Amino acid sequence: MSVVAIPTRRHPGVRPARPRTGPTLTITLDLAPGPLSPRLARLVQLLGELAESGEGQLRAVDDIAPGPRPAARPATVEPVVAADQVRILTGSRTVRRGDQVVSLTRIEYELLLFLAERPRRVFTRLQLLSNVWGYEHAVARTVDVHVRRLRAKLAGAELVTTVYGVGYRLADEAPISVEYGS
Numbered sequence: 001m002s003v004v005a006i007p008t009r010r011h012p013g014v015r016p017a018r019p020r021t022g023p024t025l026t027i028t029l030d031l032a033p034g035p036l037s038p039r040l041a042r043l044v045q046l047l048g049e050l051a052e053s054g055e056g057q058l059r060a061v062d063d064i065a066p067g068p069r070p071a072a073r074p075a076t077v078e079p080v081v082a083a084d085q086v087r088i089l090t091g092s093r094t095v096r097r098g099d100q101v102v103s104l105t106r107i108e109y110e111l112l113l114f115l116a117e118r119p120r121r122v123f124t125r126l127q128l129l130s131n132v133w134g135y136e137h138a139v140a141r142t143v144d145v146h147v148r149r150l151r152a153k154l155a156g157a158e159l160v161t162t163v164y165g166v167g168y169r170l171a172d173e174a175p176i177s178v179e180y181g182s
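With full-length UniProt numbering applied, the sequence shown has no gaps in its numbers, which climb one by one up to 182 at the end.
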């Protein structure tokens, strides 16, 4: 078995759509065929717990070698989705409300994803311009226009709350989930 840590690559001249809020570490495990050792099984379990807690993302868990798994996952069954449930599918960059696809612009998608990844946190218009748009030299009311359009497209789903005199945040009871992966 070998373990490789790959730092995030930055391509010269290409600015990311949304700056990262912290460092990124990618871990790749090349496993020998057969069952996992107890220590490796514990590592996989801890990575899964980190992903479930929202502190990290765990991808390609199904690539683990065949054999006994540390924690059996239930069979993947397509969940029944409520009509007002909003799901952000990051792999395909789509947003679904119930079983309908909601057509969003790039900025509307990025704004919704940014707020959904940071629930219960209030952001000023300038913070949103910096983190979602990637710059601060636009009119701060630009954020208001995009929030209004986002609310109109997701009418009935109370997602974005205005904090008067400050900015915006994701609503406490927002019926939203972010699904990472393909």
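Cβ atoms here follow ideal geometry from the backbone N, Cα and C, with glycine treated the same way. Model, not experiment: these values are computed from the prediction.
ask   = Can you give the Cα-Cα distance for G165 and S37, rounded to whole angstroms?
value = 55 Å
The alpha helix (DSSP H) enclosing Q127, as first and last residue numbers = R125 to L128
ask   = Quick one: Cα of R121 to Cα of L159, how far?
value = 13 Å
L104 classed as buried or exposed, judged by whether at least 16 other C-beta atoms fall within 10 angstroms = buried
task = Note down, one range per segment and in chain order, each alpha helix (DSSP H) of at least 4 residues found wholly within the UniProt DNA-binding region "OmpR/PhoB-type" (78 to 172).
result = 106 to 116, 125 to 128 and 141 to 153
ask   = Smallest Cα separation from F114: which of V139, I176 and R97?
value = I176
request  = Alpha carbon to alpha carbon, how far is L170 from D99? Give it in angstroms, no decimals.
outcome  = 22 Å
key: Test item: CB-CB of G181 and G91 under 8 Å   = yes
ask   = Three-state secondary structure (DSSP) at Y180?
value = coil
query = In the structure shown, what three-state DSSP assignment does L50 receive?
reply = helix
ask   = Does the distance from the C-beta atom of Y109 to that of V86 stay below 8 Å?
value = no
request  = Spatial neighbours of R69 within its chain, please: CB distance less than 7 Å, with the 5 preceding and 5 following residues excluded, ordered by chain position.
outcome  = Only weak support is given to the placement of R69: the predicted model assigns it a pLDDT of 43, under 50, and the question is left unresolved by the model.
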